[in-house]
Structures are given as C-alpha cells and as structure tokens.
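> For the sequence shown, the UniProt record's numbering assigns the number 472 to the initial residue and increments by one for each residue that follows.
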Amino acid sequence: EREQAAAQADQPATTLDGRTIDVLVNVGAVRDAADARGADGSGLVRTEVLFGDRRTAPTVAEQVERFRAVADALRGKPITIRTWDIGGDKPLPFLPQDHEANPFLGERGLRVFRRRPQLLRDQLEAIRQIAAETPVHVMFPMVTTADEVEWALDELGSRPDGLEVGIMVEVPAAALRVETLAVGLDFVSIGTNDLTQYTTAADRTNSAVAALADGLDPAVLRLIDRVVRKAGVRVAVCGDLASDPQSAVLLAALGVQELSAVGPQIPLVKALLRQTDLTKVPDVLNARDAAEVRQLVRR
Ligand code: PEP
Ligand code: MG
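In structure tokens:
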C-alpha cells in the first residue's frame with residue numbers, strides 16, 4: 472500500500488467529488504524538504520528547529536541562505552516560514568527566557584518579541600529578502616488578540632509582491648474570533664497540537680494526560696469547523712492531525728483547503744484523499760468523544 476501510494480505521490484490529491492487538497496510538508500531541517508515525496512510546498516518551516524543547532528543568533532544573510540536551501544529542495548514551490556516559536560517545550564539557546572511557573576501559558580511564540588523585538592525584526596528582514604526570490608508565506612505563531620496581529624504586521628512593514636501573510640490559530644481565543652484576526656491576511660493555519668492542548672487543558676508533553684489531548688476530540692473539531700466557516704481566508708492545518716490519513720480526510724471534509732504533514736505520511740494522506748468522496752464523510756461534530764469520531768470516520 473505504501474509503495475503504491477509512493478508511486479502516485481506526485482499526482483495531485485483530487486478527491487472523488489472533485490476537490491483538490493494541497494498537501495505540503497512540515498520542515499525542521501533542509502533534509503525534511505529534500506526527502507519529501509509529493510509535497511506541494513512547505514506549510515510549516517519551524518525556524519526554531521531549523522536554526523536549533525545554533526548557539527548564537529543567525530545573521531539575516533545566514534537565514535536567507537537556509538531558507539533558500541529549503542525552497543530549492545522543494546524546487547521553488549511555496550514555503551511557509553513561521554517566525555520564531557519558542558517557549559513552552561521549545562527553548563532556543565540564543566534567546567534565554569525567564570523562568571516561568573507555567574511556560575505554556577507564558578511568553579511563547581509571538582508574545583516573546585513584544586518586549587525584545589530585535590530577533591524578530593532580523594528574521595522578518597530575511598523573510599522579505601527570500602520572498603523577492605521565491606514564493607514565500609510568512610506566519611506568526613501563538614496569536615491571541617487583534618492587537619498582536621496589528622503589531623506583527625507593523626513589524627513586517629511593506630510586503631514584497633507575492634509574500635503572503637498569515638497567522639497560526641492554536642489558541643482557542645483565536646479560533647473563537649478568527650474573523651476579526653484574519654482581516655487583511657491571506658491565510659490562517661491551524662496548529663492542532665497546541666489548539667488541542669489548550670482546548671482540553673492537557674499538556675501535550677505529559678503522557679499521563681495524552682488520552683485527553685486528542686486532536687479528534689469533537690470540542691477541537693468544533694473550533695476547526697468554526698475557523699473554516701468564519702475565517703474568510705484560506706484555511707490550512709499544519710498540526711500533527713494533518714499527518715494521519717483518516718484525520719486528514721476529516722479535515723478536508725470540514726473544508727480545510729491545505730494540509731501540511733510530516734514527509735513520510737504525504738503519499739498516504741494523498742492516496743486516501745483520492746479514494747474519498749468528501750460529501751459522504753459523516754458529520755462528527757456531535758459525536759460523544761474522539762473514539763466515536765474515529766468509528767464514524769472509519770465507516
Ligand atoms: C501546532 O501547535 O500544531 C504546531 C504546528 O506548532 P508546534 O507543534 O510547532 O507547536
Ligand atoms: Mg504550536
């Protein structure tokens with residue numbers, strides 16, 4: 472099955488009812504991009520991982536160079552660069568953080584840079600430069616309020632032609648007011664890992680509560696459904712849910728247009744989408760729990 476899917480990896484993922492879903496790759500290293508079969512681009516470049524080998528902050532030129540390597544490995548298909556997303560489970564050696572009692576609820580993602588904007592400014596400069604060469608999307612992580620979006624767009628400044636701008640939706644408040652946050656943006660990308668952890672109040676790194684932190688919890692799916700209906704812009708999913716073929720089908724049925732998955736899963740996600748009539752996927756939003764969602768989808 473894997474071999475057959477791999478042979479067709481480069482074909483588009485067009486469903487039986489005629490929708491074509493873009494399936495992209497999540498990148499934490501240039502190798503992820505080089506190894507991805509059938510990726511329609513990258514829907515998530517985790518920059519804090521891409522530069523996680525660095526003891527000191529990369530210069531603008533060094534960032535441009537590595538972004539170029541990612542874009543080249545994907546043969547010039549669009550890459551979605553996420554600005555530094557640190558805090559919580561993600562330390563970065565060149566940006567030490569204060570000790571916090573609840574780091575997942577503290578200065579994470581975009582929040583970190585309100586007090587210390589310089590690293591973000593350098594990164595945005597690198598993103599503007601690479602965007603002049605190759606199709607680039609930029610997105611901001613851990614957005615909660617419209618003020619944060621406004622501030623981030625201010626920091627980005629003038630947008631070169633073709634640079635698409637979006638935010639991640641991974642905080643429940645952002646899902647609940649996405650129509651406000653997405654004004655003036657090109658896309659939103661749902662981070663189901665964090666959206667699940669914050670919706671269920673279950674730490675994504677704590678195995679004792681792993682059963683609670685299930686991305687197929689109907690409470691999470693209701694938020695995703697809301698985002699699709701209200702965003703008014705393109706909706707992508709770049710969390711791990713998009714890497715599981717059956718979940719990916721469900722997301723597409725909810726109206727998600729773009730999925731970004733770990734490389735080895737891309738051919739399998741595309742293969743199942745091709746075999747599916749999305750209009751026949753049952754309604755799962757009223758299911759009792761994630762287990763019932765799984766049963767419904769398997770049918
Ligand atoms: C997510 O939260 O779903 C996501 C894609 O970001 P990360 O896993 O890097 O926090
Ligand atoms: Mg996240």
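For each residue, glycine too, the CB sits at the ideal point set by N, CA and C.
List in chain order the residues whose CB is within less than 5 Å of at least one heavy atom of ligand 2.
E641, G662 and D665
> Quick one: Cα of T750 to Cα of A707, how far?
Translated into positions along the sequence shown, residue 750 becomes position 279. Translated into positions along the sequence shown, residue 707 becomes position 236. Straight-line Cα distance between these residues: approximately 19 Å.
> By Cβ distance below 7 Å, which residues in the same chain neighbour I737 in space, the five residues on each side in sequence not counted?
Taking the first residue of the sequence shown as 1, we reach residue 737 at position 266. Cβ within range, chain order: A480, V494, V496, A507, R508, G509 and A510.
> Taking a contact to mean a Cβ-Cβ separation below 7 Å, would you say C709 touches L515 in this structure?
Translated into the one-based positions of the sequence shown, residue 709 becomes position 238. Translated into the one-based positions of the sequence shown, residue 515 becomes position 44. Closer than 7 Å, so yes.
> Among L647, R585 and G633, whose alpha-carbon lies nearest the alpha-carbon of W622?
Taking the sequence shown and counting its residues from 1, the one referred to as residue 622 is at position 151. The shortest Cα separation from W622 among L647, R585 and G633 belongs to R585.
> Do D618 and E641 count as a contact pair if the criterion is CB distance below 7 Å?
By 1-based counting over the sequence shown, the position of residue 641 is 170. By 1-based counting over the sequence shown, the position of residue 618 is 147. No.
> Opposite M639 in the DSSP bridges: which residues?
Residue numbering aside, residue 639 sits at position 168 when the sequence shown is read from its first letter. According to DSSP, M639 bridges with S660.
> With H, G and I counted as helix, E and B as strand and the rest as coil, what does DSSP make of F611?
Locating residue 611 in the sequence shown gives position 140, counting from the first residue. DSSP places F611 in strand when its eight states are reduced to three.
> Where G703 and V649 are concerned, what is the direct C-alpha to C-alpha distance, given to the nearest angstrom?
Numbered from its first residue, the sequence shown carries residue 703 at position 232. Numbered from its first residue, the sequence shown carries residue 649 at position 178. Looking at the two C-alpha atoms, the distance is approximately 9 Å.
> Any chance you could list the alpha helix (DSSP H) runs of at least 4 consecutive residues sitting entirely within the stretch 503-566, in chain order?
518-521 and 531-544
> State the Cα-Cα distance for the pair P753 and A646, rounded to the nearest angstrom.
Counted from its first residue, the sequence shown places residue 753 at position 282. Counted from its first residue, the sequence shown places residue 646 at position 175. Approximately 23 Å between the Cα atoms of the pair.
> Compare the C-alpha of Q717 against each of R579, A761, A684 and V614 and name the closest.
Sequence index remark: in the sequence shown, residue 717 carries index 246 (1-based). It is A761 whose Cα lies nearest to the Cα of Q717.
> Below 8 Å on the Cβ atoms is my contact criterion, and I expect D657 with G637 to pass it. Report the Cβ-Cβ distance as a whole number of Å.
Residue mapping note: residue 657 aligns to position 186 of the sequence shown, counting from 1. Residue mapping note: residue 637 aligns to position 166 of the sequence shown, counting from 1. The pair is a contact, with the Cβ atoms about 6 Å apart (cut-off 8 Å).
> Can we say the stretch 523-543 touches the stretch 592-608, given the rule of at least three CB pairs closer than 8 Å?
yes
> Return the CA-CA distance between A603 and E533, expressed in angstroms with no decimal places.
Locating residue 603 in the sequence shown gives position 132, where the first residue counts as 1. Locating residue 533 in the sequence shown gives position 62, where the first residue counts as 1. So the alpha carbons of these two residues sit roughly 16 Å apart.
> Using a Cβ-Cβ cut-off of 6 Å (strictly less than) and excluding sequence neighbours within five positions of E571, which residues of its own chain qualify?
In the sequence shown, counting from the first residue as 1, residue 571 sits at position 100. The beta carbon of E571 sits closer than 6 Å to those of G577, all from its chain and outside the five residues before and after it, given in chain order.
> Near T605, which residues of its chain fall below 6 Å by C-beta distance, leaving aside the five closest residues on each side in sequence?
Here residue 605 refers to the residue found at position 134 when the sequence shown is read from its first residue. Closer than 6 Å at the Cβ level, and outside the excluded window around T605, lie A542 and G547.
> So which of T676, L521, T485 and R537 has the shortest CA-CA distance to F575?
The sequence position of residue 575 within the sequence shown is 104, counting from 1. Checking every option, the nearest Cα to that of F575 belongs to T676.
> Assuming contact is defined by CB atoms lying nearer than 7 Å, are T747 and V720 in contact in what I supplied?
Stepping through the sequence shown from its first residue, residue 747 is reached at position 276. Stepping through the sequence shown from its first residue, residue 720 is reached at position 249. It is a contact, given that the beta carbons lie within the stated cut-off.
> Kindly examine ligand 1 and report whether one of its heavy atoms sits closer than 6 Å to the Cβ of G710.
Working through the sequence shown from its first residue, we reach residue 710 at position 239. Yes, ligand 1 has a heavy atom inside 6 Å of this Cβ.
> Could you tell me which of A544, Q482 and I695 sits nearest to A505, measuring between CA atoms?
In the sequence shown, the residue the question calls residue 505 occupies position 34. The residue with the shortest Cα to Cα distance from A505 is A544.
> Considering just the uninterrupted stretch of the beta strand (DSSP E) at T491, what are its terminal residues?
Mapped onto the sequence shown, residue 491 falls at position 20. T491 -> beta strand (DSSP E) spans T491 to V498.
> Where DSSP assigns a beta bridge to S714, which residues make up the other side?
Taking the first residue of the sequence shown as position 1, residue 714 is located at position 243. Per DSSP, none; premise fails for S714.
> What residues in its chain sit with their C-beta under 7 Å from that of L683, if we drop five residues either side in the sequence?
Taking the first residue of the sequence shown as 1, we reach residue 683 at position 212. Within the same chain, L683 has close Cβ partners T671 and A673.
> Taking A732 as part of the beta strand (DSSP E), name the residues at either end of that continuous run.
Translated into the one-based positions of the sequence shown, residue 732 becomes position 261. E729 to A732 is the extent of the beta strand (DSSP E) around A732.
> Identify the continuous alpha helix (DSSP H) that holds V691 and give its terminal residues.
Here residue 691 refers to the residue found at position 220 when the sequence shown is read from its first residue. Segment P689 to K701, the alpha helix (DSSP H) holding V691.
> Report back the beta-carbon spacing between V609 and I598 to the nearest angstrom; my notes put them in contact at under 8 Å.
Counting from one through the sequence shown, the residue named residue 609 turns up at place 138. Counting from one through the sequence shown, the residue named residue 598 turns up at place 127. Their Cβ separation, rounded to whole angstroms, is 5 Å, which keeps V609 and I598 in contact under 8 Å.
> If we call anything under 7 Å between Cβ atoms a contact, is L739 one with A476?
Residue 739 sits at position 268 when you count from the first residue of the sequence shown. Residue 476 sits at position 5 when you count from the first residue of the sequence shown. In this structure, A476 lies closer than 7 Å to L739 by Cβ.
> Does the distance from the CB of L744 to the CB of I492 come in under 7 Å?
Position 273 of the sequence shown holds residue 744. Position 21 of the sequence shown holds residue 492. Yes, the Cβ-Cβ distance between L744 and I492 is below 7 Å.
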